[in-house]
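> Below is one structure. I have some questions about it.
Residue numbers (the numbering used here), protein chains in the order written: chain A, 1217 to 1438; chain B, 14 to 418.
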């Protein structure tokens, strides 16, 4: 089965992110909340998804910028922990993600007598992401080729096909899983790949696990 | 001997795997486009250093790149310096004549420049006014390397009338920006890993340079490189070193200089030297801007690098030290916080005591030093090398060209 050849090859695309500033900043958690209600969804996306692109080799202690800011700059570790546990994969779209973040901060603030603010730290700067897709020029037709390319390509490829595909393009499952299922007829491998959640790990670990899944299928030779 | 300028291919060995091929792919989107950079000078300053690295690389990947300068003979340097000082919140109140001189200078130079391109980038204050004579075609971008977050109001109001006529502005940090009605992008500056300041040096070379500079390598070395001005806090560094010295026998090397036209800096330099006279383990080295290899060697010889600034621009010296696998203890200021990942590549601190505490901790734990240093190098590899800067410029060009189309 692992020798199957796809009718439609998989074209590996990478990406480059240009970071745009929105000119909005928050000095306390109430201001953060107010801006969150108004900023474009691309900004929500920047601070929760494309953080992977900016922390490629070195995942930070928290998986999104809101949690990092609350815990490190405001020194409100409780809010940092609450925001850190949010998993965008559990939510259907970016608007739902915004609602979840807003309601969580609102609930947190309702339990406090004073609004935590930065004293020695930095304000929160709202940004948005402009992602340019870049064809790598590499296309594969077999699982072995797929595995070999995946293990060496720029990590932005993993980001684009796994994170961006679901997070911004709204696809039901990520591109790798879809291709393995529809073109190679490997639904079990596709299901295992689709279950791979990048949010706790970072891009390199996702790549390592995806390659390991392919290796297991190739070794079984089924 | 003039060294050959590195080509993109030369960077393959030091940048993240796949980066060079990826940049070539990215460049296909803008191949044949023309970019003009306009800066004050080709010889002096950080902007010139950046463009010397970037312009040839843009050419190499197929983007026709020109570099125009406004001030080949350096006559406008004092005007630019006063304007920059005011834009960065300096106290000297600018007289109205300065603004008139700015306008006269820009208009006089504009006619001699070839400013037709798909993207024109003007760097910092003086070239900003060229937007008045822009041709209709092409995207104009104001690249601000300054921290204009707390400017003198009059200076910013004056400059802003030009800035708003651009398609976009680029800042090095969100904290450096102002509210503007045009898109604002953030692009970090970057270091050149193959330049004299950062290229690999053999252990023998490092030893011989340290010997020549009179810095023995018999004890751990704490190092700070930076102008002698209050914002770099060299006296705070000496205080921190003395706190460290109570527990760890070490040396402190302060590399810097004071501009002769800066009385406060000269005074500070004298205070630093006076402190050094009483301590054989405290070395003060006044090295000029051309001592790139010497700074490189000292950073490699150091055990810990400090950048204990209380106010800072981007502070690329931090990335330079991190590239040499050194843990950096930095002040909580400017771009230092963007470069240091707290507890992972080094530490940001808010006080003399904080700097001393972290230095003691690192000296007591060589494994921690090594671990942070390795992470620091990888962090720089991913985020602060000139190849990333090149990618950002290509992406900016692609974005603006697409929008204009």
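Just so you know, even glycine gets a beta-carbon here, dropped at the ideal spot from N, CA and C.
Source: prediction; values computed, not measured.
How about residue 1281 of chain A and residue 1413 of chain A: do their beta carbons lie closer than 8 Å?
Result no, Cβ atoms of residue 1281 of chain A and residue 1413 of chain A do not sit closer than 8 Å.
> Whether or not the region 351–359 of chain B and the region 301–315 of chain B are in contact is what I'm after, with contact meaning three or more pairs of Cβ atoms, one per stretch, closer than 8 Å; do they touch?
In short, these stretches do not touch, since the Cβ pair count stays below three.
> Does the beta-carbon distance from residue 131 of chain B to residue 158 of chain B come in below 8 Å?
Not a contact, by the Cβ cut-off of 8 Å.
> Listed in chain order, which residues of the region 1285–1305 of chain A have Cβ atoms closer than 8 Å to some Cβ of chain B?
Against chain B - using a Cβ distance shorter than 8 Å - the residues of the region 1285–1305 of chain A are 1288.
> Can you check which of these residues, B:336, B:418, B:402, is closest to residue 1235 of chain A by C-alpha distance?
Nearest C-alpha to residue 1235 of chain A: B:402.
> Can you find a C-beta in chain B that's less than 8 Å from the C-beta of residue 1264 of chain A?
Not closer than 8 Å to any Cβ of chain B, the Cβ of residue 1264 of chain A fails to qualify, so no.
> Assuming residue 38 of chain B and residue 1352 of chain A are in contact, meaning their beta carbons sit under 8 Å apart, how far apart are those beta carbons, in whole angstroms?
Rounded, the Cβ-Cβ distance is 6 Å, consistent with contact.
> Along chain B, in chain order, which residues have C-beta atoms closer than 9 Å to that of residue 1370 of chain A?
Per Cβ cutoff of 9 Å: 29, 30, 31, 32, 34, 35.
> Would you decide whether residue 251 of chain B is buried or exposed? Buried here means 16 or more other CB atoms lie within 10 Å of its CB.
It counts as buried.
> Considering only the alpha carbon of each residue, which of B:231, B:227, B:254, B:226 lies closest to residue 237 of chain B?
Of the candidates B:231, B:227, B:254, B:226, the one whose C-alpha sits nearest the C-alpha of residue 237 of chain B is B:254.
> Are there 16 or more other CB atoms within 10 angstroms of the CB of residue 45 of chain B, so buried, or fewer, so exposed?
Looking at its Cβ environment, which holds fewer than 16 other Cβ atoms inside 10 Å, residue 45 of chain B is exposed.
> Output needed in chain order: residues of the region 338–360 of chain B with a Cβ under 9 Å from some Cβ in chain A.
The region 338–360 of chain B vs chain A, Cβ under 9 Å: 345, 350, 354, 355, 356, 357, 358.
> Shorter than 7 Å, the distance from the beta carbon of residue 316 of chain B to the closest heavy atom of the ligand SAM, or not?
Inclusion of the ligand SAM in the displayed structure is not the case, the ligand content being empty and no account of it being possible.
> Do you know whose CA, among B:338, B:373, B:344, lies nearest residue 358 of chain B's CA?
If we check each option's Cα against that of residue 358 of chain B, B:338 comes out closest.
> What alpha helix (DSSP H) runs, 4 residues minimum, are completely inside the region 228–310 of chain B?
Qualifying alpha helix (DSSP H) stretches, in chain order: 247–258, 276–290.
> My output table needs one value for residue 1227 of chain A: the three-state DSSP class, helix, strand or coil.
Reduced to three states, the DSSP call for residue 1227 of chain A is strand.
> Whole angstroms is fine: what's the gap from residue 1433 of chain A's alpha carbon to residue 399 of chain B's?
Cα to Cα, residue 1433 of chain A sits roughly 40 Å from residue 399 of chain B.
> Return the residues of the region 1225–1258 of chain A that lie within a Cβ-Cβ distance of less than 7 Å from chain B, sorted by chain order.
Going along the region 1225–1258 of chain A in chain order, one finds 1230, 1232, 1234, 1235, 1236, 1237, 1239 with a Cβ nearer than 7 Å to chain B.
> Just reading off the beta strand (DSSP E) that residue 1262 of chain A is part of, what are its end residues?
No beta strand (DSSP E) holds residue 1262 of chain A; the alpha helix (DSSP H) holding it covers 1257–1264.
> Kindly indicate which three-state DSSP category residue 341 of chain B falls into: helix, strand or coil?
Residue 341 of chain B falls in the strand class under three-state DSSP.
> Distance check for residue 345 of chain B and residue 1481 of chain A, CA to CA, integer angstroms please.
Outside the shown range of chain A, which is 1217 to 1438, sits residue 1481 of chain A, and nothing can be said about it.
> Who are the neighbours of residue 383 of chain B on chain A, taking C-beta pairs under 8 Å?
Result: empty, since nearest Cβ-Cβ is about 16 Å, beyond 8 Å.
> Please identify the residue among A:1375, A:1323, A:1239 whose C-alpha is closest to the C-alpha of residue 1271 of chain A.
It is A:1375 whose Cα lies nearest to the Cα of residue 1271 of chain A.
> Just checking, does the region 379–390 of chain B make contact with the region 325–343 of chain B on the three C-beta pairs under 8 Å criterion?
Output reads yes: the region 325–343 of chain B touches the region 379–390 of chain B.
> Straight-line CA distance for residue 374 of chain B to residue 367 of chain B?
When rounded, the distance between both Cα atoms is 11 Å.
> Between B:19, B:32, B:83, B:100, which has its C-alpha nearest residue 69 of chain B's C-alpha?
Looking at the Cα atoms, B:19 is the closest of the given residues.
> Going by C-alpha distance, which of B:198, B:416, B:51, B:75 is nearest residue 126 of chain B?
Out of B:198, B:416, B:51, B:75, B:51 has the C-alpha closest to the C-alpha of residue 126 of chain B.
> Does any residue of chain A bring its CB to less than 8 Å from the CB of residue 363 of chain B?
Taking Cβ atoms only, chain A reaches closer than 8 Å to residue 363 of chain B, which makes this a yes.
> In the structure shown, what three-state DSSP assignment does residue 1360 of chain A receive?
Reduced to three states, the DSSP call for residue 1360 of chain A is helix.
> Between which two residues does the beta strand (DSSP E) containing residue 50 of chain B stretch?
Its beta strand (DSSP E) spans residues 47–52.
> Taking a contact to mean a Cβ-Cβ separation below 8 Å, would you say residue 168 of chain B touches residue 107 of chain B in this structure?
Cβ atoms of residue 168 of chain B and residue 107 of chain B: closer than 8 Å.
> Return no unless some Cβ of chain A is closer than 8 Å to the Cβ of residue 391 of chain B.
Yes, residue 391 of chain B counts as interfacial toward chain A.
> Counting only runs of 3+ residues fully inside the region 24–96 of chain B, write out the beta strand (DSSP E) ranges in chain order.
As far as the region 24–96 of chain B is concerned, its whole beta strand (DSSP E) runs of at least 3 residues are 47–52, 77–82.
> Taking 8 Å as the cut-off, does the region 220–230 of chain B touch the region 187–204 of chain B (at least 3 CB pairs, one atom from each stretch)?
Counting Cβ pairs under 8 Å, fewer than three are found: no touch.
> Is it buried or exposed for residue 1335 of chain A, if we count other Cβ within 10 angstroms and need 16 for buried?
It is exposed - the Cβ of residue 1335 of chain A has fewer than 16 other Cβ atoms within 10 Å.
> What does the Cβ neighbour count give for residue 148 of chain B, buried or exposed, with the cut at 16 atoms within 10 Å?
Its Cβ having fewer than 16 others within 10 Å, residue 148 of chain B is exposed.
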